[in-house]
Structures are given as structure tokens and as C-alpha cells.
Ligand code: FES
Ligand SMILES: [Fe+2]
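In my numbering, the protein residues as written are 1251 to 1546.
The following block contains the structure:
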């Protein structure tokens, strides 16, 4: 991961969020050119700097990078402690979060900006008190059973909220589903029966049960300091733009779902389920859709 700053006078060398390139040419003098590895390849009138400028000493600066469960973290601080030490007590919860895909990799869909301060988003991720009040209109859109399960933390003595150290925090809302690999053998809820029948055409019974369990999300919300929020229904990388504007990526999806000759993708099965749910006047919660988030 490279710092997006030309080594000449600090202009941004890449102004696109995504895409492909063979290298980077600084747009300021349209000339200092870098390779994808950050090496300085050329500068104008380079002959005049012979013996003065050593190109090997002026690559784009690299950030310190660590990867955990496919999540890529970067820091400007080269001497920062190892990523796994920093994540510390949050690691087991990231492991559990990554099971939201019910066996398929979790992917993030979509991104948008919002008018609001970054801290509101982060604080509310592990503030359970606000949920039934701030999300009142959203609660009216989901079926009663799901609404009761999602707000059970208000009276449950097993739900909790706590610090995980290093600024990370955790709120366990529905303790029964924090590990989607654990099948308690409970019957499939009536509201998911149609989906389960549909999925049974393409998936073995244990996979069907696992997918159905994943529809509620994973029963907890997790904040990773300073700007990552993982929850039952969203994955947010929060980037402050100004005091009152934040860019965030929202939504979870299952990546893939087709295997070999299977004719239907999981995404299609989920889409069909959503249609059925809408037809029956219901909404679902979990990794197949973007959750409405009321006034937040
Ligand atoms: S700032 Fe990049 S070439 Fe001058
Ligand atoms: Fe909220």
C-alpha cells in the first residue's frame, strides 16, 4: 500500500478510487512517473540531476500493512505494534463475524456518504440503548418475530456490552446466534420455511439450516478502533470528510454461492426470498440486504 503523494512537491499521483493502471504519472508537472511498486521511474530533465538525485531513494512511501481475515489495515507509523496485538480481544469476534456468509465469503456492497459525524456512527454501533427508539420506523417494517429477537437484549440477562481494549468495543444483542456454526437443532422458524424449501433444491440440509441461521446476522456488533464497524447487518469503513460529513461503506453480501453445476446462485435464492417476503408483507434482517438505519 502506497502513500498517494508525489515525492517532488506532494501532489496526489492517483486521483481515481478504483481501476487499472500500469503506473502513476504525477499530474502536477505531468512527469514524475512511478511504477506500481512505487519506484520512481522517470523525472523531467533527469540528466541535469545526474549525481544529485538518486531515483532509488525517492519511491512513493509505503505504509505499514497488516492483514487479518482478509481485512487490510494500514498505518503511517512504521514502528506500530503488530496488527494481531492491536486487534487483541477483538480477534475472536472478527472470526465469528466472518461467518455471516453462512459458508460463503462475506463481501461488502455499495458505498455512500452521509451528513453526520463519524463518531455518531461508531458510538451507536455498540450503544444498545438507542436502538428501539432511534430505529422505531425500521422496526415497524420487519416481522414481529424478528423485531422481538432483535430487541430481546432489552430484557435478556445474557446480552452485554463491553470494552475489548485498544479502543475496540463489543455489544452482544442475541447471544444465541453469535456462532453460526452452532446448530441448536431448533426447528426452522415459520417465516423462513418458504426460503428453506427453495434453498433445499440446491443445498444440503445442514447448509440450508446454516443459511437460514445467518438471516438474522450474527447477534453482535463490533467496533474496531478507530473507524471500522461490523454488525449484524452492516460493515462500515468510516472515513471522516469533515465534521459533519462521513463516507461509509455499507452492506453485507455472500460472495458466490454457485458451485459446479448448481444452476442457482445464493444471491438469486436470496432475491427470490426477498420477493416472497415482500409479497407476504415482511422484511428480513441480516447479510442479504442493506438495513434501513432511520435517522442515523
Ligand atoms: S509534485 Fe509531482 S511532479 Fe511535481
Ligand atoms: Fe443504530
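Cβ coordinates follow ideal geometry from the N, Cα and C atoms, glycine included.
- At what residues does the beta strand (DSSP E) containing residue 1317 begin and finish? As a working mapping, residue 1317 is identified with position 67 in the chain shown. Per DSSP, residue 1317 belongs to the beta strand (DSSP E) from 1314-1318.
- Query: Three-state secondary structure (DSSP) at residue 1504?
  - Reply: Along the chain shown, one-based indexing puts residue 1504 at 254. Annotated three-state conformation of residue 1504 is strand, per DSSP.
- Message: If the criterion is Cβ atoms closer than 8 Å, does the pair residue 1346 and residue 1429 meet it?
- Response: Here residue 1346 is taken as the residue at index 96 of the chain shown, counted from 1. Here residue 1429 is taken as the residue at index 179 of the chain shown, counted from 1. For residue 1346 and residue 1429, yes; Cβs fall inside 8 Å.
- Could you tell me which residues DSSP puts in a beta bridge with residue 1443? Your numbering for residue 1443 matches position 193 in the chain shown. Looking at the DSSP assignment, residue 1443 forms no beta bridge with any residue, so it has no partner.
- Query: Is the beta carbon of residue 1264 within less than 7 Å of some heavy atom of ligand 1?
  - Reply: For the purposes of this step, residue 1264 is identified with residue 14 of the chain shown, where counting begins at 1. Every heavy atom of ligand 1 is 7 Å or more from the Cβ of residue 1264, so no.
- Measure the Cβ-Cβ separation of residue 1474 and residue 1418 and say whether it is below 8 Å. Indexing the chain shown from 1 puts residue 1474 at position 224. Indexing the chain shown from 1 puts residue 1418 at position 168. Their beta carbons are under 8 Å apart, which means residue 1474 touches residue 1418 by this criterion.
- Query: Quick one: Cα of residue 1522 to Cα of residue 1273, how far?
  - Reply: Taking the chain shown and counting its residues from 1, the one referred to as residue 1522 is at position 272. Taking the chain shown and counting its residues from 1, the one referred to as residue 1273 is at position 23. Any reading at residue 1522 must be qualified, since the residue scores a pLDDT of 49, below 50, and its modelled position is unreliable; no value is offered.
- Item | Bridge-paired residues (DSSP) for residue 1273 | Within the chain shown, the letter at position 23 stands for residue 1273. DSSP, once it has assigned bridges, lists 1285 as partnering residue 1273.
- Message: Considering only the alpha carbon of each residue, which of 1252, 1269, 1348 and 1321 lies closest to residue 1287?
- Response: Working through the chain shown from its first residue, we reach residue 1287 at position 37. For residue 1287, the nearest C-alpha among the options comes from 1252.
- Task: Using beta-carbon positions only, say whether residue 1262 and residue 1254 come within less than 8 Å of one another.
- Result: As a position in the chain shown, residue 1262 is number 12, starting the count at 1. As a position in the chain shown, residue 1254 is number 4, starting the count at 1. Judged by their CB atoms, residue 1262 and residue 1254 are nearer to each other than the 8 Å cut-off.
- Could you please give me the residues that DSSP links to residue 1357 through a beta bridge? The sequence position of residue 1357 within the chain shown is 107, counting from 1. DSSP lists 1503 as partners of residue 1357.
- Message: Per the DSSP calculation, residue 1422 is bridged to which residue(s)?
- Response: Taking the first residue of the chain shown as position 1, residue 1422 is located at position 172. DSSP, once it has assigned bridges, lists 1410 and 1470 as partnering residue 1422.
- Do you know whose CA, among 1471, 1335 and 1257, lies nearest residue 1306's CA? As a working note, residue 1306 is residue 56 in the chain shown. Distances from the CA of residue 1306 to each of 1471, 1335 and 1257 were compared; the closest alpha carbon is that of 1257.
- Give me the Cβ distance between residue 1402 and residue 1424, rounded to the nearest whole Å; I'm assuming they're in contact under 8 Å. Here the question's residue 1402 lines up with position 152 in the chain shown. Here the question's residue 1424 lines up with position 174 in the chain shown. Indeed, because the Cβ distance is near 6 Å, the residues count as touching under 8 Å.
- Under a Cβ-count criterion, where at least 16 other Cβ atoms within 10 Å of its own Cβ denotes burial, should residue 1471 be classed as buried or exposed? Working through the chain shown from its first residue, we reach residue 1471 at position 221. So residue 1471 ends up on the buried side.
- Comparing the CB of residue 1291 with every heavy atom of ligand 1, is any distance shorter than 7 Å? Residue 1291 sits at position 41 when you count from the first residue of the chain shown. Ligand 1 never approaches residue 1291 closely enough for any of its heavy atoms to be under 7 Å from the residue's Cβ.
- Task: Take the Cβ of residue 1356 as the centre, count every other Cβ of all protein chains shown within 10 Å, and call the residue buried at 16 or more, exposed below.
- Result: What you label residue 1356 is simply residue 106 of the chain shown in a count that begins at 1. Buried, by the Cβ-count rule.
- Message: Quick test of your reading: residue 1291 and residue 1298, contact by CB under 8 Å. State the CB separation rounded to the nearest angstrom.
- Response: Start at 1 with the first residue of the chain shown, and residue 1291 comes out as number 41. Start at 1 with the first residue of the chain shown, and residue 1298 comes out as number 48. Between residue 1298 and residue 1291 the Cβ distance is about 17 Å, and since that is not below 8 Å, they are no contact.
- Item | Beta-bridge partners of residue 1265, as assigned by DSSP | Counting from 1 along the chain shown, the entry for residue 1265 is found at position 15. Answer is none; residue 1265 lacks a bridge partner.
- DSSP three-state call for residue 1516: helix, strand or coil? Position 266 of the chain shown, counted from the start, is the residue given in the question as residue 1516. Here residue 1516 scores only 47 on pLDDT, less than 50, and its place in the model should not be relied on; the value that follows carries that caveat. It is helical.
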